[in-house]
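For reference, the structure is listed below as structure tokens.
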Amino acid sequence: MRKINRELFEELLNKAEKNIRKRTNLNFHKSFKEKVQRLLNVMKKDTYIRPHYHPLRYRWEVFIILRGRVLVVEYKKDGKIKDFTILDEKGEVKAVELESGIYHSIIPLKDSVLYELKPGPYIEEKDKVFAPWAPEEKNRKDGLNFNKEVLKKLKRARADLNRRSPA
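Sequential numbering from 99 applies to the sequence shown in the working numbering.
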């Protein structure tokens, strides 16, 4: 039996802190050939996950928040925001399922732990297509600025909606 608990979260968050990308995974599947890939996706608040999509039709993903708070964003092909939600261990939304073929990213709002499920097999060279309108992950500073801009756009959109809606 593999237990997912606070002690494991702390261990993985410490590992993520030491990683240049500020995140780490713990795979529960024994092989990338398995039909269901199961993992903990652990990220520090200051990580950048470049928007991408999964080109294969069957490559949906499910993210379940176990700790922390993240913004999940879907984008149109031109980079405009299509939809978003916040996964929060203490909030209303706890999980999201993303379809294949749609650009998406995760922006951690706190150090976070997600349980991720997706169909296998995992074939790295066929798994994702990165958004040409977003910075590469190796440009971490640009990536974090990209995240800040997304957050600003969503705050402005929310403020506009609040101004337009009747009291």
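Backbone N, C-alpha and C fix where the C-beta goes; we use that ideal spot for every residue, glycine too.
6 Å Cβ shell around L249 - same chain, five flanking residues per side excluded: Excluding the 5 residues flanking it on each side, L249 has no same chain C-beta neighbour closer than 6 Å.
Going by alpha carbons, who is nearest to L164 out of F244, S210 and N112? When only C-alpha atoms are compared, the closest one is S210.
In angstroms with no decimal places, state the Cα-to-Cα distance between L138 and Y213. Computed Cα separation, rounded: 5 Å.
Rounded to the nearest angstrom, what separates N123 and V140 at their Cα positions? Cα to Cα, the separation comes out at about 6 Å.
Reducing DSSP to helix, strand and coil, say where I118 ends up. DSSP places I118 in coil when its eight states are reduced to three.
Around the C-beta of I118, are 16 or more other C-beta atoms found within 10 angstroms, so that it is buried, or is it exposed? In summary, I118 is exposed, with fewer than 16 beta-carbon neighbours lying within 10 Å of its beta-carbon over all protein chains present.
Starting from K224, trace the alpha helix (DSSP H) in both directions and tell me its first and last residue. Element bounds for K224: E222 to D225.
Excluding the five sequence neighbours on either side, which residues of its own chain have a C-beta within less than 6 Å of the C-beta of W231, listed in chain order? When the five nearest sequence neighbours on each side are left out, the beta carbons in the same chain lying within less than 6 Å of the beta carbon of W231 are those of G177, in order along the chain.
Complete runs of the beta strand (DSSP E) confined to the stretch 122-190 [at least 3 residues]: As far as the stretch 122-190 is concerned, its whole beta strand (DSSP E) runs of at least 3 residues are 134-141, 159-165, 167-173 and 179-186.
On a Cα-Cα basis, can you pick out the residue from G218, I179, E187 and K180 that is closest to H152? Of G218, I179, E187 and K180, the residue nearest in Cα terms is G218.
May I ask which residues mark the beginning and end of the beta strand (DSSP E) holding L215? Membership of L215 in the beta strand (DSSP E) is indicated by the continuous run S210 to P217.
What are the boundary residues of the beta strand (DSSP E) that S198 is part of? Run containing S198: none; DSSP gives neither H nor E here.
Between the CA atoms of N125 and K175 - distance to the nearest angstrom: Straight-line Cα distance between these residues: approximately 30 Å.
Residues in its own chain within less than 6 Å of V160 by CB, not counting five upstream and five downstream? Around V160: E195 and L215.
Go ahead and pull the three-state DSSP assignment for A193. The answer is strand: DSSP assigns A193 an E or B state.
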